[in-house]
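Working notes, structure below.
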Amino acid sequence: EDQVTQSPEALRLQEGESSSLNCSYTVSGLRGLFWYRQDPGKGPEFLFTLYSAGEEKEKERLKATLTKKESFLHITAPKPEDSATYLCAVQDLNTGFQKLVFGTGTRLLVSP
Amino acid sequence: EPEVTQTPSHQVTQMGQEVILRCVPISNHLYFYWYRQILGQKVEFLVSFYNNEISEKSEIFDDQFSVERPDGSNFTLKIRSTKLEDSAMYFCASKGTGGLGTQYFGPGTRLLVL
Chain A
1 EDQVTQSPEA LRLQEGESSS LNCSYTVSGL RGLFWYRQDP GKGPEFLFTL
51 YSAGEEKEKE RLKATLTKKE SFLHITAPKP EDSATYLCAV QDLNTGFQKL
101 VFGTGTRLLV SP
Chain B
113 EPEVTQTPSH QVTQMGQEVI LRCVPISNHL YFYWYRQILG QKVEFLVSFY
163 NNEISEKSEI FDDQFSVERP DGSNFTLKIR STKLEDSAMY FCASKGTGGL
213 GTQYFGPGTR LLVL
């Protein structure tokens, strides 16, 4: 069974204090790993897709990386507007490639 | 920028009543999905829909649930006889291409069953 575990559950940072969020996954074959941002009461907002180990994607203060067992979302010099829940999801190549399997997310709070 | 829209934003219903949640996927997208998120829990897959038929469904998606694409723009989720445990946020998502495409989510419908 596909599993996605995210850590930490919650993270509090000061503005400008860089950190990383972790997503560990177990799949029989990885089709893709996705990062989404979710604000309270809203739908997941797409950030990145990673397909193979060693791949990296960047967008403003965010950078996502992928290994064979985990992915990291690095946040450099975060601002208060980066406060949100960050969700990691995987698509399994071998057990129904359409569905996304999500982790429980990391709640990030950035204080000014 | 194209986006997925959902109506209503909030729905309150009595247990045993039927509800229909509506979604307008991104134009020209071919793959459609419903997910749900119970308060404080993870986002869970319900069903995927392509070429006017269900392509995959989860164990949650039992006979009480159905999906339909009644016209060229809408995608609906029907719950025939709601239960208390159906209370959740329901998200519609759409994807343009097969395989490696990205699923884009709507803002959700918050369903409360009393």
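From first to last, the protein sequence lines are chains A and B.
All residue numbers for the first sequence refer to the numbering used here, where the first residue is 1 and numbers rise by one.
All residue numbers for the second sequence refer to the numbering used here, where the first residue is 113 and numbers rise by one.
Where is the CB? At the ideal position from N, CA and C, for every residue including glycine.
The Cβ of Glu168 of chain B sits closer than 8 Å to at least one Cβ of chain A.
Contact between Leu13 of chain A and Ser19 of chain A holds: their C-beta atoms lie close to 6 Å from each other, under 8 Å. Between Leu47 of chain A and Arg37 of chain A, the CB-CB gap stays under 8 Å. The alpha-carbon separation between Ala89 of chain A and Thr65 of chain A amounts to approximately 14 Å. Chain B has no Cβ within less than 8 Å of the Cβ of Gln3 of chain A.
In this structure, B:Gln215 is the residue among B:Leu226, B:Val225 and B:Gln215 with its C-alpha nearest to the C-alpha of Trp146 of chain B.
Considering only beta carbons, the part of the segment 47-66 of chain A lying closer than 9 Å to chain B consists of Thr49 and Tyr51, in chain order.
The beta carbon of Lys190 of chain B does not come within 8 Å of any beta carbon belonging to chain A, so the residue lies off that interface. Around the beta carbon of Tyr25 of chain A, 16 or more other beta carbons lie within 10 angstroms, which makes this residue buried.
Within chain A, no C-beta atom comes less than 8 Å from the C-beta of Phe173 of chain B; the nearest is roughly 11 Å away. When DSSP states are grouped into helix, strand and coil, Glu60 of chain A belongs to the coil group. Under the Cβ criterion of 8 Å, Gln14 of chain A is not counted among the residues facing chain B. Look at the beta carbons and you see the segment 177-196 of chain B touching the segment 125-137 of chain B: at least three pairs across the two are nearer than 8 Å. When secondary structure is reduced to three states using DSSP, Leu133 of chain B falls in the strand class.
Taking 8 Å as the CB threshold, Thr214 of chain B lines the interface with chain A. Across the segment 143-156 of chain B, CB contacts with chain A closer than 8 Å involve Tyr143, Tyr145, Tyr147, Gln153, Lys154, Val155 and Glu156, in sequence order along the chain.
At least one C-beta of chain A is nearer than 8 Å to the C-beta of Gly218 of chain B.
In this structure, Pro80 of chain A lies away from Pro40 of chain A, with their beta-carbon atoms at least 8 Å apart. With its beta carbon less than 8 Å from one in chain A, Phe203 of chain B belongs to the interface.
For Asp198 of chain B, the secondary structure class from DSSP, reduced to helix, strand or coil, is helix. By the Cβ-count criterion, Asp174 of chain B is exposed, with fewer than 16 other Cβ atoms from all chains shown falling within 10 Å of its own Cβ.
Take Phe34 of chain A, set aside five residues on each side of it, and the residues of its chain with a beta-carbon closer than 6 Å to its own are Thr49 and Ala89, in chain order. For the beta strand (DSSP E) assignment, the uninterrupted runs of no fewer than 3 residues enclosed by the segment 18-48 of chain A are, from N- to C-terminal side, 19-26 and 30-38. Any Cβ of chain A closer than 8 Å to the Cβ of Ser206 of chain B would place that residue at the interface, and such an atom is absent.
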